[in-house]
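**Student:**
There are 2 protein chains.
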Amino acid sequence: MNKSVLFRQIKQKRSFLCIGLDTEMEKLPKHLLSEGDPVFSFNKAIIDATAQYAVAYKPNTAFYEVQGSKGWESLEKTIKYLKINYPQIFIIADAKRGDIGNTSVNYARAFFDHLDADALTVAPYMGFDSVSPFLDFDEKWVILLALTSNAGSQDFQYNCQTSGKRLFEEVLSKAKDWATSEQLMFVVGATHPEEIAAIRQLVPDYFLLVPGVGAQGGSLEAVAENGLNDECGLLVNSSRGILYASSQIDFAERAAEEARKLQAQMEKVLLQKALL
Amino acid sequence: MNKSVLFRQIKQKRSFLCIGLDTEMEKLPKHLLSEGDPVFSFNKAIIDATAQYAVAYKPNTAFYEVQGSKGWESLEKTIKYLKINYPQIFIIADAKRGDIGNTSVNYARAFFDHLDADALTVAPYMGFDSVSPFLDFDEKWVILLALTSNAGSQDFQYNCQTSGKRLFEEVLSKAKDWATSEQLMFVVGATHPEEIAAIRQLVPDYFLLVPGVGAQGGSLEAVAENGLNDECGLLVNSSRGILYASSQIDFAERAAEEARKLQAQMEKVLLQKALL
Numbered sequence: 001m002n003k004s005v006l007f008r009q010i011k012q013k014r015s016f017l018c019i020g021l022d023t024e025m026e027k028l029p030k031h032l033l034s035e036g037d038p039v040f041s042f043n044k045a046i047i048d049a050t051a052q053y054a055v056a057y058k059p060n061t062a063f064y065e066v067q068g069s070k071g072w073e074s075l076e077k078t079i080k081y082l083k084i085n086y087p088q089i090f091i092i093a094d095a096k097r098g099d100i101g102n103t104s105v106n107y108a109r110a111f112f113d114h115l116d117a118d119a120l121t122v123a124p125y126m127g128f129d130s131v132s133p134f135l136d137f138d139e140k141w142v143i144l145l146a147l148t149s150n151a152g153s154q155d156f157q158y159n160c161q162t163s164g165k166r167l168f169e170e171v172l173s174k175a176k177d178w179a180t181s182e183q184l185m186f187v188v189g190a191t192h193p194e195e196i197a198a199i200r201q202l203v204p205d206y207f208l209l210v211p212g213v214g215a216q217g218g219s220l221e222a223v224a225e226n227g228l229n230d231e232c233g234l235l236v237n238s239s240r241g242i243l244y245a246s247s248q249i250d251f252a253e254r255a256a257e258e259a260r261k262l263q264a265q266m267e268k269v270l271l272q273k274a275l276l
Numbered sequence: 277m278n279k280s281v282l283f284r285q286i287k288q289k290r291s292f293l294c295i296g297l298d299t300e301m302e303k304l305p306k307h308l309l310s311e312g313d314p315v316f317s318f319n320k321a322i323i324d325a326t327a328q329y330a331v332a333y334k335p336n337t338a339f340y341e342v343q344g345s346k347g348w349e350s351l352e353k354t355i356k357y358l359k360i361n362y363p364q365i366f367i368i369a370d371a372k373r374g375d376i377g378n379t380s381v382n383y384a385r386a387f388f389d390h391l392d393a394d395a396l397t398v399a400p401y402m403g404f405d406s407v408s409p410f411l412d413f414d415e416k417w418v419i420l421l422a423l424t425s426n427a428g429s430q431d432f433q434y435n436c437q438t439s440g441k442r443l444f445e446e447v448l449s450k451a452k453d454w455a456t457s458e459q460l461m462f463v464v465g466a467t468h469p470e471e472i473a474a475i476r477q478l479v480p481d482y483f484l485l486v487p488g489v490g491a492q493g494g495s496l497e498a499v500a501e502n503g504l505n506d507e508c509g510l511l512v513n514s515s516r517g518i519l520y521a522s523s524q525i526d527f528a529e530r531a532a533e534e535a536r537k538l539q540a541q542m543e544k545v546l547l548q549k550a551l552l
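Protein chains in written order, with the numbering used here: chain A, 1 to 276; chain B, 277 to 552.
(1) Here's the rule: buried if 16 or more other CB atoms are within 10 angstroms of the residue's CB, otherwise exposed. What is B:S425?
(2) Around the Cβ of A:L276, are there at least 16 other Cβ atoms within 10 angstroms (buried) or fewer (exposed)?
(3) Where does B:Q484 sit, in a helix, a strand or coil, going by DSSP?
(4) Scan the segment 397-413 of chain B for residues whose Cβ lies nearer than 8 Å to a Cβ of chain A and list them as they occur along the chain.
(5) For the segment 301-366 of chain B, list the beta strand (DSSP E) runs that are entirely contained and at least 3 residues long, ordered along the chain.
(6) Straight-line CA distance for B:V479 to B:L511?
(7) Does any CB atom of chain A fall closer than 9 Å to the CB of B:H468?
(8) Beta-carbon separation of A:S238 and A:P29 under 9 Å?
(9) To which residues of the same chain is B:P335 closer than 7 Å at the C-beta, ignoring the five residues directly before and after it?
(10) Do we get a CB-CB distance below 9 Å when we pair A:A198 with the residues of chain B?
(11) Quick one: what's got a C-beta closer than 8 Å to B:M542's C-beta in the same chain, skipping five residues either side?
(12) Quick one: residues in its chain with C-beta nearer than 7 Å to the C-beta of A:G241, no 5 flanking neighbours on either side, listed in chain order?
(13) Flag this pair as touching only if the segment 391-407 of chain B and the segment 309-329 of chain B have three or more C-beta atom pairs under 8 Å; answer yes or no.
(14) Whole beta strand (DSSP E) runs in the segment 127-188 of chain A with 3 or more residues, listed along the chain?
(15) Assuming A:E182 and A:F7 make a contact with CB atoms under 8 Å, what is their CB distance in whole Å?
(16) What is the residue span of the alpha helix (DSSP H) that A:I242 lies within?
(17) Cα separation between A:Y81 and A:I91?
(18) With a CB to CB cut of under 7 Å and the five nearest residues on each side skipped, what residues in its chain are close to B:M277?
(19) Would you check if the segment 402-411 of chain B and the segment 443-456 of chain B touch, i.e. whether three or more CB-CB distances between them fall below 8 Å?
(20) So which residues on chain A does B:D313 lean against when the C-beta distance must stay under 8 Å?
(21) Which residues mark the beginning and the end of the beta strand (DSSP E) in which B:T397 is found?
(22) Closer than 8 Å, Cβ to any Cβ of chain A: which residues of the segment 415-447 of chain B, in chain order?
(23) Below 8 Å on the Cβ atoms is my contact criterion, and I expect B:L443 with A:L167 to pass it. Report the Cβ-Cβ distance as a whole number of Å.
(24) Please state if the CB of B:W348 and the CB of A:G98 are separated by a distance shorter than 9 Å.
(25) Which residues in chain A sit within 9 Å of B:A393, going by Cβ to Cβ distance?
(26) How would you label A:N85, buried or exposed, when you count the other beta carbons within 10 angstroms and need 16 or more for buried?
(27) If you measure beta-carbon to beta-carbon, which residues of the segment 357-377 of chain B are closer than 9 Å to chain A?
(28) Once the 5 residues before and after A:L209 are set aside, which same chain residues still bring their CB inside 6 Å of it?
(29) Which residue from B:Q328, B:E302, B:E300, B:A386 puts its Cα closest to that of B:Q288?
(30) Would B:E341 and A:F111 be called neighbours here (beta carbons separated by less than 9 Å)?
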């Protein structure tokens, strides 16, 4: 998927919501546990209930790998289900991979060829040659960690500097030379609203994937105020607040309600910025 | 496995060799391709041929994930085979994971509970709370990326500084406060021999996992000269040089020959340092 198609989806759905499929066996409604693949059954129900409010889904591989090869099967089935039933949805594999070049080639094939995700989150620590193999795929995206939403983002991302730039700013600056905004996005946590405006200056055209709204305490309004650009430029993620709105038989309807609330807030800020 | 058991294995085998199971379908001997699980068949043959020369095996997840859930099955079978047949071998899942805390908990369960690896490589970019969940497991190890063997290690690991310390030095300094040398090791590429002596000063008691010998051009002698401590303190990895020594029917014997050559070199430097 290219950037203009993504922006068209955002305008059609009046939403820049990404739903994080962080599906944990322990949190599933009890009545699903007797199914052959409870994780996939849950994802399917969540997707069907919320797809009208979301432009993207983001399964995080940790929640699948915890079940080993069986979990990877659930992941494969989930992405296939999305591809077949919702071909306009943008699929992000949140895997935070990154390794030396010939190894990253294999990660790229795993996520872009085998799984057929549209985008992969990638960790920048190992530098250019660990990222570049992911950029060799047409209409596939790298979403590079810049400033993450957790407390540990202080440890290195904030505190290390080069020529007065903090590490996450240096990652943004360097990575701009690696790929255009047609292939590269950045992860910026909603828990740093004060930084999002500055980051928007540094990378005006690039989409930002923003986790941390909801359970982690970030504010959607503050993110939108500081982060929207003239092609939206934001994908705001919510996971637990939607997935686990109810642990009862009504889990999918309650998830849809939460997704609809976020969509309504997003529509409001998109209208305010005259993007609709 | 604890550190003293690891050192005992090193002394018994007169080797600190780690064999990287970077098993690529395209590089397998043709006669294995008709097997039900050629990757596992290859790994089993390599392990049986080389286990007398190696103290550790290190499957890199990229080479398994490229086959999706089927690849994860090969990985599960490989680790199970090692655990059952070679219980004294140290198993490193080279996965370079790292995510926010509640997500890293799931990666820790995936690799330490489900797969039952002894150690996991972890990327430090997201800071303390992304690493700490991996430290909550008894006799399981975090191997934190410090200075990697690839050219891209220059981009951030070298060039970003805080109070005069380069990023990889800051990672070493901070991480020393997170865990002792009984739970934590560091990845330091053999392609930086000039740095290994300085790193040994910074973290005198910690094991270093050293990739980059062989195909990537690092020298075992230089690594040993600068990196050995009084409990050895080194695991030196070789992957392609051993795995693909031959692509014919004799691949396992040729792999054993290459492993034995490295073991002999290691025995020599261990004797020189009076560690045997």
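Where a beta carbon is used, it is the ideal one built from N, C-alpha and C, also for glycine.
**Tutor:** A quick look at the data gives this:
(1) buried
(2) exposed
(3) It should be noted that the sequence gives Leu, not Gln, for residue 484 of chain B. Reduced to three states, the DSSP call for B:L484 is strand.
(4) A399, P400, Y401, M402, G403, F404, D405, S406, V407
(5) 332-335
(6) 15 Å
(7) no
(8) no
(9) L297, L351, T354, A369, D370
(10) no
(11) R290, S291, F292, L293, L496, A500, V512
(12) G214, A215, E258
(13) no
(14) 141-147, 184-188
(15) Contact flag wrong, Cβ pair sits at about 12 Å.
(16) 240-243
(17) 11 Å
(18) F366, D394, E415
(19) yes
(20) The contacting residues do not exist; B:D313 stays about 11 Å from chain A at best.
(21) 395-398
(22) L421, T424, S425, N426, A427, G428, S429, Q430, D431, F432, Q433, N435, C436, Q437, T438, L443, E446, V447
(23) 7 Å
(24) no
(25) Chain A residues near B:A393: none, gap ~12 Å exceeds 9 Å.
(26) exposed
(27) D370, A371, K372, R373, G374, D375, I376, G377
(28) I143, M185, V187, L235
(29) B:Q328
(30) yes
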